[in-house]
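Colleague:
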Amino acid sequence: MSEEEMEQEYPTENKPFTFELFKQFVGMLDAHSVTDIHLTPGTVPYIRQAKELKPLSAIPVFGEDGEVIRVINLLPLTSADAQSFAFDTIEFAYRNSPTKVSEIKLQLGSNGEEVDFPVSIPSVCRFRCHIETQRKTHSISFSIIPNEIPSIEQFPLEIKRFTRFSNGFVVVSGKSNSGKTTTIAALIDEINKNFTRKIVTLEDHIEYLHKHDKSMIIQREVGSDTKTYGTGLTSAIREDADVIVVGELRTVEDFELALNAAEAGALVITNMHSPSSKDVLDRIVAMFPPDKQNQVKSQLATVLRGVICQQLIPVVPGSDYPSPLVSAFEILGNNADISAVIRSGDFGKIPAMIEKYRDQHMWTMLESLTRLKDKGIISAEEWMNRVSLIPERNKTSSLDG
492 MSEEEMEQEY PTENKPFTFE LFKQFVGMLD AHSVTDIHLT PGTVPYIRQA
542 KELKPLSAIP VFGEDGEVIR VINLLPLTSA DAQSFAFDTI EFAYRNSPTK
592 VSEIKLQLGS NGEEVDFPVS IPSVCRFRCH IETQRKTHSI SFSIIPNEIP
642 SIEQFPLEIK RFTRFSNGFV VVSGKSNSGK TTTIAALIDE INKNFTRKIV
692 TLEDHIEYLH KHDKSMIIQR EVGSDTKTYG TGLTSAIRED ADVIVVGELR
742 TVEDFELALN AAEAGALVIT NMHSPSSKDV LDRIVAMFPP DKQNQVKSQL
792 ATVLRGVICQ QLIPVVPGSD YPSPLVSAFE ILGNNADISA VIRSGDFGKI
842 PAMIEKYRDQ HMWTMLESLT RLKDKGIISA EEWMNRVSLI PERNKTSSLD
892 G
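Its first residue numbered 492, the sequence shown is counted upward by one per residue in this note's numbering.
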């Protein structure tokens, strides 16, 4: 039922969107595949659903029998509303640490800084919260983190096989909000369920929560549990971790530590923002000074187990696909020929290598997009839009279809 239909059929009341309302209704938003919620003064909240940004101008109130009993029409937020929402969120997130509440409020109020922190509503879901100052007031954004870790069975078998490596270096790459965190969580969960490993994760903010199964899992938050990714990596190596998951490798020193850990026998999984395997390799090598680049190429040729590049795409309206978004993947593995290409630094050959070794669990982004189109999951228009963004050097397949 649309917002207009709800307003016509049920009693209505007008209210601003407070943090208390947010806690009551965020479970409903999560159930409707909302991924992000944005608030700023002067307008109603906006939600992102299947990649589309939409105003949230009305929300239903349910009775004990699950039926709608009234509708709340949301008023545009005032500056005072936005500040109250921001401060209520901080107080809820750090309700057991008054000192932290005061510290964050001071950051926002006096210094005009941005803050990021996790928020957990028990039995509902978790969020990444970002609050920033704008024109002497506040804007708030939430990214929803589902409670349930997706099964690896929802991913291509070619991705599942990366969980079977006991050592090496795996990169999951893509733009922001492309599903990288979810893919990594599914990889960790699969290792946890099937192998006896010591897994250490280093995250800027802990997102998916993992429980011990066959593996032991230690989740550390950068900034509170360890100072930096580098200190966390050093600690993980010293504490005999079998699997090290690094939220981001930001410096040359971090990359050196990660590659050395993979070389020493750990399975290191990290994420980047590059759109293709070729670009991932280009970026890693380019980070290093010229006198170290040959050494890095040699290390990558030896320890790289694979690169997974991905993007999230809206599905065709009315499709039988169980989600409003579907992932397309480029998957690079490693073998003697690819290792030789990496060692030489001739990364322009990577797309052709992926296509050549299709029978070794690899495929290009173009192939993945075309499969989704041919299955009727994404539209021809969406396919064309995505294909047009792939650099010509990365297109080795026919664009027919």
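Quick reminder that beta carbons are idealized off the backbone N, C-alpha and C, glycines included.
With distance defined between alpha-carbon atoms, name the residue in Ala749, Glu739 and Pro781 nearest to Met763.
Modeller: Glu739
Colleague: Measure from the C-beta of Asp770 to each C-beta in chain D and report whether the shortest distance is under 8 Å.
Modeller: Here there is only one protein chain, and chain D is not present.
Colleague: Compare the C-alpha of Phe618 against each of Ser657, Gly665 and His529 and name the closest.
Modeller: His529
Colleague: Under 6 Å Cβ to Cβ from Gly836, same chain only, skipping five residues before and after it: list those, please.
Modeller: Lys788
Colleague: Determine the burial state of Ser814: buried for a count of at least 16 other Cβ atoms within 10 Å of its Cβ, exposed for fewer.
Modeller: exposed
Colleague: Can you tell which of Ser642, Ile635, Ser669 and Leu565 has its C-alpha closest to the C-alpha of Leu678?
Modeller: For Leu678, the closest C-alpha among the options Ser642, Ile635, Ser669 and Leu565 is that of Ser642.
Colleague: Would you list the one or two residues that DSSP bridges to Thr628?
Modeller: Gln625
Colleague: Looking only at its own chain, which residues have a Cβ that is under 6 Å from the Cβ of Asp891, when we skip the five neighbours before and after it?
Modeller: Reliability of the predicted coordinates at Asp891 is poor, the pLDDT of 42 falling under 50, and no value is obtained from them.
Colleague: Just the C-alpha distance for Asp527 and Ser767, rounded to the nearest angstrom, thanks.
Modeller: If I take the Cα positions, the gap works out to 25 Å.
Colleague: Is it buried or exposed, Arg796, if we count other Cβ atoms within 10 angstroms and call 16 or more buried?
Modeller: buried
Colleague: Thinking Phe653 and Ala753 are a contact (beta carbons under 8 Å), I'd like their distance in whole angstroms, please.
Modeller: About 13 Å; that fails the 8 Å criterion.
Colleague: By how many angstroms is the C-alpha of Val776 removed from the C-alpha of Asn876?
Modeller: Taking the straight line from one Cα to the other gives about 30 Å.
Colleague: Determine the direct distance from the alpha carbon of Ser810 to that of Pro502, and round the result to whole angstroms.
Modeller: 34 Å
Colleague: Looking at the unbroken beta strand (DSSP E) that takes in Leu823, where does it start and where does it end?
Modeller: Leu816 to Leu823
Colleague: Mind checking Ile822: buried by the 16 CB within 10 Å criterion, or exposed?
Modeller: buried
Colleague: Is it buried or exposed, Met519, if we count other Cβ atoms within 10 angstroms and call 16 or more buried?
Modeller: exposed
Colleague: Flag this pair as touching only if the region 678 to 698 and the region 706 to 723 have three or more C-beta atom pairs under 8 Å; answer yes or no.
Modeller: Result yes; three or more Cβ-Cβ pairs closer than 8 Å.
Colleague: What does the Cβ neighbour count give for Asn683, buried or exposed, with the cut at 16 atoms within 10 Å?
Modeller: Buried is the label assigned to Asn683, since at least 16 other Cβ atoms lie within 10 Å of its Cβ.
Colleague: Given a threshold of 16 other Cβ atoms within 10 Å of its Cβ, counted over all protein chains shown, does Gln801 qualify as buried or as exposed?
Modeller: The residue in question, Gln801, is buried, as its Cβ has 16 or more Cβ neighbours within 10 Å.
Colleague: Using alpha carbons as the reference points, say which of Val878, Phe553, Ala571 and Ala522 lies closest to Phe510.
Modeller: Ala571
Colleague: Applying the 10 Å Cβ sphere with the 16-neighbour rule, what's the burial state of Ser669?
Modeller: buried
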